[in-house]
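Undergrad: Handing you this structure, nothing more for now.
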Amino acid sequence: MIRTAFYPGSFDPVTLGHLDIITRGAKLVDRLIIGVGTHPGKVSTFSDTERVEMLEAVCTGLIEKCQCDIEVETYNNLTIDAVNDVKATIILRGLRNGSDFDYENQLAGMNKELAPDIETVFLTSSPKYRHINATLVRQIASMGGDISAFVPASLLEVIKQKCLPT
Ligand code: ADP
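Note that the sequence shown covers residues 797 to 962 in our numbering.
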């Protein structure tokens, strides 16, 4: 049986914290689908295409390393429906702190009610990435701050340029 997990998020932009969860999650399953949420009404700094392309760029090297098939997709429906669409049985989420836990615990409980056969699996953030938050990364970058400790090096310039006010 092929084990598939779905990792949903905004990834606006992808950070080293996300990448840590992707790398560790990919070691647990055969197929990992990264679901980029594109909900109408939720304004993002990076376009859907940019968010997908950034994730694809950083995941290319991981596929071989983790022996997992990693794919990136957009979705704009209910997460649980997107999970079913790709025939995943696991929702992968990252936990940084107590606030993440409170929110994620509630979300997992509601998703369990909606789809009892799907399990949410949490990975706690690696200590060196625990503080990273995509919104704060955008804020720091928009004011010309150094974000090199928070985002993949290969995406640093793209992210910096996009976040600077025009
Ligand atoms: P953010 O909360 O930074 O805007 P997302 O909404 O894209 O990011 O989050 C998608 C998932 O990734 C969530 O499960 C979130 O808890 C997790 N995540 C985000 N940043 C980190 C991090 N630094 N370490 C571990 N998990 C993270």
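Just so you know, even glycine gets a beta-carbon here, dropped at the ideal spot from N, CA and C.
Remember, predicted model here, so these are calculated numbers, not experimental data.
From which residue to which residue does the beta strand (DSSP E) around L910 run?
TA: Taken as a continuous stretch (DSSP letters only), L910 belongs to no beta strand (DSSP E), being part of the alpha helix (DSSP H) at G894 to L910.
Undergrad: Does the Cβ of H835 lie closer than 7 Å to at least one heavy atom of the ligand ADP?
TA: no
Undergrad: Hey, quick one: how far does the alpha helix (DSSP H) through A930 stretch, first residue to last?
TA: Its alpha helix (DSSP H) spans residues A930 to S938.
Undergrad: Quick one: residues in its chain with C-beta nearer than 6 Å to the C-beta of F918, no 5 flanking neighbours on either side, listed in chain order?
TA: R889 and L891
Undergrad: Tell me whether G831 counts as near the ligand ADP, meaning its Cβ is closer than 7 Å to at least one heavy atom of that ligand.
TA: no
Undergrad: Only counting the same chain, and skipping five residues up and downstream in sequence, which positions put a Cβ closer than 6 Å to that of Y925?
TA: L812, G813 and D816
Undergrad: Below 8 Å, can you find three or more Cβ-Cβ pairs linking the region 947-960 to the region 931-939?
TA: yes
Undergrad: Are the CB atoms of A911 and I886 within a distance shorter than 8 Å?
TA: no
Undergrad: Closer than 8 Å is the cut-off here; do at least three beta carbon pairs connect the region 827-844 with the region 864-872?
TA: yes
Undergrad: Output the distance between the C-alpha atoms of R847 and S840, rounded to the nearest integer angstrom.
TA: 9 Å
Undergrad: If you draw a straight line from the alpha carbon of V882 to that of I859, how long is it in whole angstroms?
TA: Rounded to the nearest angstrom, the two C-alpha atoms are 18 Å apart.
Undergrad: Would the beta-carbon of F807 be found less than 7 Å away from any heavy atom of the ligand ADP?
TA: At a threshold of 7 Å, F807 counts as near the ligand ADP, since its beta carbon sits closer than that to one of the ligand's heavy atoms.
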